[in-house]
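Structure, as C-alpha cells:
Residue numbers (the working numbering), protein chains in the order written: chain C, 7 to 439; chain H, 7 to 439.
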C-alpha cells in the first residue's frame with residue numbers, strides 16, 4: 007500500500023495524522039488531498055528516520071535545497087555540511103543531485119544526515135556509471151537506468167526526479183520552434199543526447215510502467231522533471247515547454263491509476279506576467295498535482311543574485327498555486343556550485359517568497375506569525391522580535407552589530423519628545439526617536 | 007514655468023527631450039505624460055549638474071536610495087560614500103533624510119555628489135533646529151517649517167517629501183480602528199506628536215497653498231508622504247491608510263491646478279494579495295500620479311533580509327503600476343542604519359524587482375536586455391554574459407571565485423559526450439557537462 011492507495015481506501019495513515027498536526031488542519035483534509043493527488047507525502051517505505059512532510063494544496067509552501075557531488079574536487083563532507091546548513095535554515099526537503107564521485111555513498115549519507123524527505127535524479131548516476139562501465143554515457147542501456155532507479159529507491163529515497171515526458175517529439179519542437187536557448191536542463195541534455203545518438207525514444211516514456219512498478223513497490227513519489235525547462239524568459243510558455251507539460255499530464259493520470267504519488271517539476275525562467283498562467287496551466291493539465299518550481303527567476307540578467315530573482319518568482323508562483331519551491335542560489339548562471347553561505351542564503355530567500363505566498367493564500371498559521379512579530383515590534387520587545395524572525399541568527403547578528411547611534415540621537419528632545427506624546431496619545435509602548 | 011506648465015502649454019523642454027532619448031520613446035509621449043501628471047521630472051530650477059530623469063507611466067521603473075545623517079556618530083563622508091555606492095549600483099535618485107548633525111552641509115554636498123535627482127524631507131531639519139533654537143521639536147512653529155522648506159528648495163533639491171495628508175482626522179481613525187501598529191513613519195510620528203501637543207491641525211495641510219507656492223517657484227516636485235504607512239501586513243489597506251490616501255488625492259488635484267509636479271509615496275508593508283489593489287486605488291484616487299513605494303515588504307518576519315522581501319513587493323507593485331521604488335535594506339527593522347554594503351545590496355535588489363516588472367509591462371528596452379544576455383549564455387560567451395549582468399562587478403567576482411570543478415567534471419565523457427551530440431543536433435555552440 008502507498009500513501010495514495012491508503013488514502014483512496016479511506017485510511018488515515020500515521021504520516022497523514024502527523025502532517026495534519028504540524029499544519030494545524032484536520033487529518034481528513036490531508037487524506038482527501040492525498041486521495042485526490044493534490045497532496046503528496048514523499049515517504050519511501052525503506053526510509054529510516056524520516057519526519058513526514060506533506061506537499062500540496064492547503065499546506066504550507068515547502069522549500070527544497072539541492073546539493074551533490076559535482077566534479078573531481080567535490081567532497082561528501084562539504085555536501086553533507088550543506089545539507090545541515092540548508093535544513094537548519096529551514097529547508098523542508100533536500101535533493102542529492104550528485105553526478106560524480108561515490109554517488110552511492112553520498113546518497114546513503116544524505117539519507118542518514120537529515121530527517122527531511124530526500125530526492126535524487128537517477129539518470130545522473132546511470133550516465134556516470136555508463137561512462138566507467140561502458141566507456142561513455144551514450145552507451146548506457148535502458149536496463150542500466152532502471153537498475154539505478156531501483157537501487158536508489160531501495161536505499162530509501164523519498165522522491166525521484168525523472169524526465170518521463172522529454173520525448174523525441176518534444177525535442178524536435180524545441181528545435182523547429184527556434185527557442186532562444188533550446189536546452190538548459192542538465193539531465194534533459196544528457197537524456198536527449200543519448201536519444202539522438204542511439205536513435206531511440208526516451209525509455210522513461212516508453213517504459214513508464216517499469217517506473218511506476220518501482221515507485222509503487224517502495225512508495226517513492228515521482229517528481230516529473232521538465233527537460234524543456236525554459237532557460238530564458240523569452241522561451242517561457244513556448245511550444246516545447248507546453249508540449250512536454252501536456253505529456254506530463256498524461257503521466258500524472260497513469261501514475262495515479264497505479265497508486266503512485268506524483269508531483270511535477272516546473273520552470274525555470276518565467277517573466278512575472280507568465281507565472282500565473284504557467285501555474286494555472288500545470289494545475290489544469292496535471293489535474294492538480296503538486297507543482298515543484300525551480301525559482302522561477304523572473305529575469306535573465308540577475309547573475310550573482312538569482313536567489314533574489316528566484317524569491318520574487320517563487321513568491322508569485324506559490325501564491326498562484328505552486329506548493330514546493332526549489333531554491334536558486336547566487337551561484338546559478340555563474341558556472342559554479344553554491345558554497346555553504348550561498349546555500350543558506352538561497353534557502354532563506356526561497357522561504358521569504360514561500361511565506362509571503364502563504365500569507366496571501368491564507369495558509370493556516372502564516373498570518374499569525376507576522377502578527378506576533380508585529381505586536382512585539384509595537385511593544386519594542388526586541389527579544390521577541392529577534393526570536394520570531396524568519397532567521398533569528400541573522401537578525402540577532404545584525405542587531406548586535408548596530409552601533410549606539412540610535413540611542414544617542416534621542417538626546418535631541420529631552421523630555422519634550424514628540425514620540426512620547428504620540429505614544430501616550432495612542433496608548434502604546436513609549437517610543438523614542 | 008514648471009515642467010508641468012510647459013507641458014500644458016504644449017512645449018517640449020530640453021529635459022523632456024533628453025528623457026525621451028534615454029527611454030527610447032518619443033518626446034511628445036513624455037510631454038503628454040507630464041501634462042497629464044502621470045510623469046514627473048524632478049528638476050529644481052536652482053539645481054546644478056542634474057541629469058534629468060523621468061518617473062511615471064511608460065518609463066523604466068526607477069529606484070531611489072535613502073541616506074542621511076542619523077545620530078551623533080554619523081559622518082557626512084560616510085553618507086556621501088553611500089550615495090556614490092548607490093548611484094554606482096544603479097540608483098536613479100537619492101534621498102538625503104538627515105535628522106541630525108550639519109543638515110545644511112550634508113544637503114549641499116549631496117546635491118554636488120550626484121547628478122541624479124535629490125530629494126529631502128524638510129520636517130526632519132525643522133524639528134532638529136527647533137530642538138536647538140526653541141528647546142524642543144514640539145516648539146517648532148509652522149513658519150519654522152516653511153522656512154526650512156523654502157531653504158531646501160532654494161538649495162536646488164529636486165523633490166520634497168511632505169506629510170500633507172496626515173490630518174487629525176486621519177490619526178484619530180488610526181487610533182479608533184485599532185491598528186496593530188498605529189504609527190511607524192518617523193516624520194509622521196514627529197508631526198503628529200507636534201499636532202497633538204499643540205492642539206493644532208497639520209500646517210502642511212492647512213497651509214498647503216504655501217507649499218504649492220514654494221514648489222512652483224523652484225519647480226520642486228512634491229512627494230506626498232504617507233504618515234499612515236502600514237507598519238505590518240495586518241494593517242494594510244485599513245481605514246487610516248485609505249483615509250489619508252483619499253486626502254492625498256485632493257492634494258494631487260490642487261498641485262496640478264497650481265502647475266506643481268507631484269507624486270505620491272506609498273507603503274510599506276503589503277501582503278502579496280493587497281499590492282495590486284493598493285496600486286490601483288492610488289492610481290484612481292490620485293489621478294494617475296506617479297507612485298513612489300517603499301518596498302513594499304510582503305511579510306513582517308524577514309528581519310535582516312528586507313531587501314529581499316522588498317524586492318518581491320517592489321516587483322509586483324511596479325508591475326501593477328508603481329513607477330519609483332524606494333529601496334529597503336537589510337538594516338530595516340533591526341533598529342540600525344544601513345552600511346555601505348547593505349546600501350549596495352538594497353539598490354541591486356530593488357533594481358531586480360524593477361526590471362522584472364519592466365519586462366512584464368513591456369517597457370522599451372527591457373526584454374532586449376534579457377535577450378542579449380541569454381543569447382550570450384547560449385553562445386557560452388562568458389565575457390558578454392558578465393558585461394550584460396545587472397551587476398557586472400558582482401557577477402565577475404563570483405565567476406572568478408569559481409574553482410576548476412566544472413571543467414574537470416567533463417573528463418567523464420571524453421569524445422562520447424551527450425552534450426556535444428545535443429549541441430550538434432540543435433546547431434548551437436558546443437556544450438560540455
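For every residue, glycine included, the Cβ atom is placed at its ideal position computed from N, Cα and C. It should be emphasised that the depicted structure is a prediction, and the values quoted were computed from it without experimental measurement.
Verify whether the separation of the beta carbon atoms of residue i and residue j is less than 9 Å.
i: residue 309(H); j: residue 326(C); result: no
i: residue 253(H); j: residue 155(H); result: no
i: residue 375(C); j: residue 307(H); result: yes
i: residue 200(C); j: residue 257(C); result: no
i: residue 362(H); j: residue 379(H); result: no
i: residue 44(H); j: residue 294(H); result: yes
i: residue 365(H); j: residue 277(C); result: yes
i: residue 330(C); j: residue 269(C); result: yes
i: residue 442(C); j: residue 235(C); result: Residue 442(C) lies beyond the residue range present for chain C, which begins at 7 and ends at 439; the question has no answer from this structure.
i: residue 323(H); j: residue 285(H); result: yes
i: residue 292(C); j: residue 255(C); result: yes
i: residue 129(C); j: residue 60(C); result: no
i: residue 62(H); j: residue 39(H); result: yes
i: residue 148(C); j: residue 209(C); result: yes
When you compare each of the options to residue i by their alpha carbons, which one comes out closest?
i: residue 100(C); options: 384(C), 165(C), 158(C); result: 165(C)
i: residue 206(H); options: 173(H), 236(H), 225(H); result: 173(H)
i: residue 314(H); options: 323(H), 324(H), 301(H); result: 301(H)
i: residue 73(C); options: 67(C), 66(C), 93(C); result: 93(C)
i: residue 320(C); options: 280(C), 37(C), 291(C); result: 280(C)
i: residue 188(C); options: 404(C), 42(C), 208(C), 240(C); result: 240(C)
i: residue 397(H); options: 208(H), 350(H), 372(H); result: 350(H)
i: residue 342(C); options: 77(C), 370(C), 46(C); result: 77(C)
i: residue 245(H); options: 87(H), 223(H), 186(H); result: 186(H)
i: residue 250(C); options: 242(C), 176(C), 263(C); result: 176(C)
i: residue 9(C); options: 29(C), 27(C), 46(C); result: 46(C)
i: residue 121(H); options: 163(H), 136(H), 84(H); result: 163(H)
i: residue 212(H); options: 243(H), 168(H), 235(H); result: 168(H)
i: residue 298(H); options: 360(H), 347(H), 436(H), 182(H); result: 360(H)
i: residue 67(H); options: 337(H), 157(H), 317(H), 182(H); result: 317(H)
Please look up how many angstroms separate the CB atoms of residue i and residue j, rounded, as I've assumed it's under 8 Å.
i: residue 217(C); j: residue 170(C); result: 7 Å
i: residue 116(H); j: residue 98(H); result: At roughly 15 Å, the Cβ-Cβ gap does not stay under 8 Å, so residue 116(H) and residue 98(H) are not in contact.
i: residue 71(H); j: residue 274(H); result: With a Cβ gap of about 17 Å, residue 71(H) and residue 274(H) do not count as contacting.
i: residue 224(C); j: residue 160(C); result: 7 Å
i: residue 427(H); j: residue 377(C); result: Their Cβ separation, rounded to whole angstroms, is 56 Å, which puts residue 427(H) and residue 377(C) out of contact at 8 Å.
i: residue 180(C); j: residue 243(C); result: Contact flag wrong, Cβ pair sits at about 13 Å.
i: residue 227(H); j: residue 288(H); result: The pair is not a contact, with the Cβ atoms about 17 Å apart (cut-off 8 Å).
i: residue 56(C); j: residue 123(C); result: 7 Å
i: residue 80(H); j: residue 107(H); result: 6 Å
Going along chain H in order, which residues have a C-beta closer than 8 Å to the C-beta of residue i?
i: residue 311(C); result: 354, 355, 358, 396, 397, 400
i: residue 163(C); result: In chain order: nothing, as chain H lies at least about 22 Å away.
i: residue 202(C); result: 427, 428, 431
i: residue 295(C); result: The premise fails here: residue 295(C) is roughly 23 Å from chain H at the closest Cβ pair, so nothing lies under 8 Å.
i: residue 373(C); result: 239, 240
Starting from the beta carbon of residue i, find every residue of chain C whose beta carbon is closer than 7 Å, and list them in chain order.
i: residue 361(H); result: 305, 307
i: residue 174(H); result: Those do not exist, as residue 174(H) stays about 11 Å from chain C at its closest Cβ, beyond 7 Å.
i: residue 336(H); result: 404
i: residue 384(H); result: 186, 187
i: residue 432(H); result: 181, 188, 189
i: residue 321(H); result: 278, 304, 318
Report the neighbours of residue i on chain C: residues whose CB is nearer than 8 Å to its CB, in chain order.
i: residue 425(H); result: 195, 196, 199
i: residue 341(H); result: 388, 405, 408, 412
i: residue 247(H); result: Correct list: empty, because the minimum Cβ distance to chain C is about 15 Å.
What does residue i reach in chain H if we use C-beta pairs closer than 7 Å?
i: residue 272(C); result: Those do not exist, as residue 272(C) stays about 18 Å from chain H at its closest Cβ, beyond 7 Å.
By the criterion of Cβ-Cβ separation under 8 Å, what are the contact partners of residue i in chain B?
i: residue 317(C); result: Here chain B cannot be found, since the structure's protein chains are C and H.
Kindly list, in the order they appear in chain C, the residues whose Cβ is closer than 9 Å to that of residue i.
i: residue 86(H); result: Within chain C, no residue comes near residue 86(H); the closest Cβ sits about 17 Å away, beyond 9 Å.
i: residue 279(H); result: 325, 365, 366, 367, 368
So with CB distances below 9 Å, who are the chain H contacts of residue i?
i: residue 238(C); result: 376, 377, 379, 380, 381, 383, 384
Compile a chain-ordered list of the residues in the stretch 126-160 of chain H whose CB is closer than 8 Å to at least one CB of chain C.
133, 134, 137, 141, 142, 143, 144, 145
If the cut-off is 7 Å on Cβ atoms, which residues from the stretch 206-233 of chain H count as contacting chain C, listed in chain order?
none
Got a sec: which bits of the stretch 29-61 of chain C sit with their beta carbon under 7 Å from any beta carbon on chain H, in order along the chain?
none
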